[in-house]
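Using my numbering, you'd call the opening residue of the sequence shown number 1 and step up by one each time.
The beta carbon of each residue, even a glycine, is placed where N, CA and C say it ideally should be.
Model, not experiment: these values are computed from the prediction.
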Amino acid sequence: VYSKMNEEMRKRKTGPGLLKQYSPWLSDFQASNYQQVLEIPGQYHGRSKPLPEYHVKIAGFDERILILPSIRRPKRLTIRGDDEKDHMFLVKGGEDLRLDQRIEQLFSLMNEIMAADPACSQRRIRLRTYEVIPMKPRWVPLLLLLPSPPLLVQFNLL
1 VYSKMNEEMR KRKTGPGLLK QYSPWLSDFQ ASNYQQVLEI PGQYHGRSKP
51 LPEYHVKIAG FDERILILPS IRRPKRLTIR GDDEKDHMFL VKGGEDLRLD
101 QRIEQLFSLM NEIMAADPAC SQRRIRLRTY EVIPMKPRWV PLLLLLPSPP
151 LLVQFNLL
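Take a look at the structure:
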C-alpha cells in the first residue's frame, strides 16, 4: 500500500508550469495597457471603511506557476503589485470554498487561544493560516497566501 501511495504522489508532482498554458490573457497582462486599475484581491476586511486609494494594484503576473500535488491540483500564482512586492495566491477551481473559509477562521481562533496560553506562547506554537477569498462560488476562487501573524513564514513547504 505504501509503495502504491508513493508512486501515485510521484505521478501527481508536476512542479512548475507556465501561466500562458492556463491563461494567455493573464500572461500578457500589463497594467500600463489599461485605463482602469485592478486591485489585488483580499484587501477589504470589513473592520474599517475601505480606502481604495491606498490599496495595492496589480502591475502584472509572474509567468511561472507552481502546480501543487493534491487531488484538485491547485496552482500557485504570483501577482506583482504596484508596491513592488510579489503576492502569492492559490487558484482552485470547481469547488465551494466556504468550508475552507470556516476552517481558517477556526484556526485563527485557535491561534489566539494558544497565544494567550503561556506554555504555547513561549514555544511559539501557531497554526499556519491563510485568508480564503471566494471570488465566485464553484468557479476560480482564490486562496490568498498571506501570513495571518506577520512574522510567519508561509512558503517554506511549497
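Taking C-beta atoms as the reference points, His87 and Gly81 count as a pair closer than 7 angstroms. When the beta-carbon positions are compared, Pro16 and Leu66 come within less than 7 angstroms of each other. Check the Cα spacing between Gln35 and each of Ile58, Arg102, Glu84: the tightest is with Ile58. Judged by their CB atoms, Glu63 and Leu18 are nearer to each other than the 7 angstroms cut-off. Looking at the DSSP output, Arg98 shares a beta bridge with no other residue.
Going by beta carbons, Ile125 and Met114 fall inside the 7 angstroms limit.
Annotation for Leu90: the continuous beta strand (DSSP E) segment containing it runs 86 to 91.
With a threshold of 16 other beta carbon atoms within 10 Å, Ile71 falls short and is exposed. Within the same chain, Ile67 come within 6 angstroms of Arg73 by CB-CB distance, once the 5 residues on both sides are set aside. Sorting Asp117, Leu77, Phe107 by C-alpha distance to the C-alpha of Lys20 places Leu77 at the top.
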